[in-house]
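Residue numbers (this note's numbering): 1 to 41.
Note that the Cβ used here is the ideal one computed from N, Cα and C, for glycine as well.
Fair warning: this is a prediction, and the values are worked out from it, not measured in the lab.
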C-alpha cells in the first residue's frame, strides 16, 4: 500500500469541498453560524 502524504490528501479534500460549493451541492453557512451551531452542541 502506497503512503500518501497528508498534505496531498488535504489538497484533494479541499478541492472537493470547493467544487461542492461551486456547484451548489452543499448549503453554505457563515462562520458565525457554524460557531453558533457548535456552541449549541
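Query, Result
"Measuring CB to CB, does residue 21 end up less than 8 Å from residue 28?", "yes"
"Where does the unbroken alpha helix (DSSP H) through residue 8 begin, and where does it stop?", "6 to 22"
"Going along the chain, which residues of its own chain have a beta-carbon closer than 7 Å to the beta-carbon of residue 33, five neighbours each way excluded?", "none"
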